[in-house]
Amino acid sequence: MGSTPAAVPVTVDELRRAQRADGTAAVLAIGTANPANCVTQADYADLYCRVTNSEHVAGFKDKLDALCVSASGSEKRFFHHTEEMINAHPEFLDRATPSLDARLEIAAAAVPELAATAAARAIVQWGRTATDITHLVVTTNAGAHAPGADVRLAALLGLRPTVRRTMIHLNGCSAGAAALRLAKDLAENSRGARVLVACVELTVLTFRGPDCPHTVNCQALFGDGAGAVIVGADAVRPVEQPMFEMVSASQTLIPGTEHVITMQLTEHGLDGNIDAKELAPLAANNVKKCLSDALTPLGLDGGEWNDLFWAVHPGSPLILDHIESALQLKPGKLAASRRVLREYGNMLGSTLIFVLDEQRRRMEEEGDGAEWGVILGFGPGFTIETMLTEHGLDGDIDTKELVPLAANNVKQCLSDALTPLGLDGGEWNDLFWAVHPGSPLILDHIESALQLKQGKLAASRKVLRENGNMLGSTLIFVLEEQRRRMEEEGDGAEWGVMLGFGPGFTIETMVLHAPDDSRKKN
Numbered sequence: 005m006g007s008t009p010a011a012v013p014v015t016v017d018e019l020r021r022a023q024r025a026d027g028t029a030a031v032l033a034i035g036t037a038n039p040a041n042c043v044t045q046a047d048y049a050d051l052y053c054r055v056t057n058s059e060h061v062a063g064f065k066d067k068l069d070a071l072c073v074s075a076s077g078s079e080k081r082f083f084h085h086t087e088e089m090i091n092a093h094p095e096f097l098d099r100a101t102p103s104l105d106a107r108l109e110i111a112a113a114a115v116p117e118l119a120a121t122a123a124a125r126a127i128v129q130w131g132r133t134a135t136d137i138t139h140l141v142v143t144t145n146a147g148a149h150a151p152g153a154d155v156r157l158a159a160l161l162g163l164r165p166t167v168r169r170t171m172i173h174l175n176g177c178s179a180g181a182a183a184l185r186l187a188k189d190l191a192e193n194s195r196g197a198r199v200l201v202a203c204v205e206l207t208v209l210t211f212r213g214p215d216c217p218h219t220v221n222c223q224a225l226f227g228d229g230a231g232a233v234i235v236g237a238d239a240v241r242p243v244e245q246p247m248f249e250m251v252s253a254s255q256t257l258i259p260g261t262e263h264v265i266t267m268q269l270t271e272h273g274l275d276g277n278i279d280a281k282e283l284a285p286l287a288a289n290n291v292k293k294c295l296s297d298a299l300t301p302l303g304l305d306g307g308e309w310n311d312l313f314w315a316v317h318p319g320s321p322l323i324l325d326h327i328e329s330a331l332q333l334k335p336g337k338l339a340a341s342r343r344v345l346r347e348y349g350n351m352l353g354s355t356l357i358f359v360l361d362e363q364r365r366r367m368e369e370e371g372d373g374a375e376w377g378v379i380l381g382f383g384p385g386f387t388i389e390t391m392l393t394e395h396g397l398d399g400d401i402d403t404k405e406l407v408p409l410a411a412n413n414v415k416q417c418l419s420d421a422l423t424p425l426g427l428d429g430g431e432w433n434d435l436f437w438a439v440h441p442g443s444p445l446i447l448d449h450i451e452s453a454l455q456l457k458q459g460k461l462a463a464s465r466k467v468l469r470e471n472g473n474m475l476g477s478t479l480i481f482v483l484e485e486q487r488r489r490m491e492e493e494g495d496g497a498e499w500g501v502m503l504g505f506g507p508g509f510t511i512e513t514m515v516l517h518a519p520d521d522s523r524k525k526n
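Residue numbers for the sequence shown follow this note's numbering, so the first one is 5 and each next one is one higher.
Right, here's the structure in full:
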């Protein structure tokens, strides 16, 4: 007999801890894609009625045109199906003829290809190789095959055969949020996991003639698109740069609402119903409770919703209006959602990923100072998906060292910059100042170290007070505020200094000169 293997000195709890990530899951990269066929809302009614031979149907074209132009909130949409494709499939318009097989055949090829385009863009942004993907989550309302779009997508991207795949079907507009929730759980419970989420929607399964019930709303609102997100915990620096930390995620089905949004595959394609009269009020009346349930356990339920940033699925302008009113949000808080709806239409589950990407872009380029935010998705039932997220890079700031470092080193940096110009007289109050306001404490210490008069850092303090610390973009806000103050109020200073602080601890120093016509003389 062979020898008995030695017992492994480890407990189940230790094994579980070793298998799990140390940190919170985060969005590491985002990619989006649309088909090439773009149709403006102003042209859609003419195109639809021509393709479906329905220009003679009394009132239909006018109703569709009004919905497209005035009520949809969209200016254009993208579609995989073309006029030639519809003409080649007359069964799509004839409810007496089954058309599901033909629609699914088109989707089986197109869904993974569009998903691959979005995913490839996310992988490039991520900075690592496709073979580092450990999990794949694919969502679509356009498909019913096994092996499905996940298998084909994995092959197109060159993922490993061991990638762990999950398909999500018929989750409607909440599919994107549901997939992100699942990706968060996978990343946090599997050390080193990198989860690729791909949400793909094609409306070829819902295109039909005007005799189909509810089709007018469907034809006016929905478009095609794919969104991909890479999710992981414990970012590998410096390659990975977290965009949004996924702090908590929850799902709520509002009781008694199973009839509000329905979907089912039939021999004619994907059918369903949206109760437009109930939908917007349901979202508005229940969103506060869902937000409270998500935020209260974390001590963040202060009720001031304008302190957060928002990535909300734009089901329709009416839904966004109702949510904006219910939460008393300021104009612009839902700007990312409204822009995506305007530029692409409602792409069901993939729309939310477009919104998240747009919100990321806006925060990087413009910023609103919000650190915490909420992702909201709405789907069949009536289901509300709620995710609390934190914006910013996953890193560490040693606050005990940071403030003294700034104060103790700023004089030397200023001297090094000013002495070659013959400006190092040591009287810092003769200069104007544009200083990155990392925190009030940093400003206090710099003010004390340089013995600056009260008001010398007023531009920095005002930007911090009104906008918060927006990382790199903050200094541009300070510079603009300083320009305004010098033009309107002025302190007579001709020379000035711009100071920025960054990783390491790095101090960026720039000497500035104000032309005569930009300074108000006292």
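For glycine and all other residues, C-beta sits at the position ideal for the given N, C-alpha and C.
The stretch 19–48 contains, as complete beta strand (DSSP E) runs of 3+ residues, the segments 30–37, 41–44 (chain order).
Leu-312 sits close to Val-378, with the two beta carbons spaced by under 8 Å. When the Cα atoms are used, Thr-144 and Ala-438 turn out to be separated by approximately 50 Å. When the beta-carbon positions are compared, Val-61 and Leu-51 stay at least 8 Å from each other. The C-beta of Glu-369 has fewer than 16 other C-beta atoms within 10 Å across all chains shown, which makes the residue exposed. In the three-state reduction of the DSSP assignment, His-326 falls in the helix class. The C-alpha of Tyr-348 lies about 42 Å from the C-alpha of Thr-510.
The three-state reading of DSSP puts Ile-258 in coil, since its state is none of H, G, I, E or B. Between Thr-387 and Thr-256, the C-beta gap is smaller than 8 Å, which places the two residues in contact. When DSSP states are grouped into helix, strand and coil, Ile-450 belongs to the helix group.
The beta carbon of Glu-87 sits closer than 6 Å to those of Val-55, all from its chain and outside the five residues before and after it, given in chain order. Straight-line spacing of the CA atoms in Gly-426 and Leu-418 works out to 12 Å.
For Gly-353, the three-state secondary structure derived from DSSP is helix. Along the stretch 487–512, the beta strand (DSSP E) occurs as fully enclosed runs of 3 or more residues at 499–506, listed in sequence order.
Look at Thr-86 here: in three-state DSSP terms it is coil, with no helix or strand label.
Here Gln-332 carries a coil assignment [DSSP, helix/strand/coil]. By the Cβ neighbour-count rule, His-85 is buried, with 16 or more other Cβ atoms within 10 Å of its own. Boundaries for Gln-268: no alpha helix (DSSP H) harbours it, while the beta strand (DSSP E) harbouring it runs 265–270, taken from the DSSP string. The stretch 21–33 makes no contact with the stretch 107–122; the number of CB pairs closer than 8 Å stays below 3.
Where Ala-191 is concerned, the enclosing alpha helix (DSSP H) starts and stops at 179–193.
Using a 10 angstroms sphere on the CB of Asp-26, the tally of other CB atoms stays under 16, which defines it as exposed. Classified as exposed, Ser-296 has fewer than 16 neighbouring CB atoms from the shown chains inside 10 Å of its CB. Residue pairing by DSSP places Lys-80 opposite Thr-44 in a beta bridge. The stretch 98–105 and the stretch 266–275 touch, with no fewer than 3 CB-CB distances between them shorter than 8 Å. Note that the C-beta distance between Phe-96 and Pro-39 is not below 8 Å. In the structure shown, the three-state DSSP call for Asp-428 is coil. In this structure Val-264 is buried. Its beta-carbon is surrounded by 16 or more other beta-carbon atoms within 10 angstroms.
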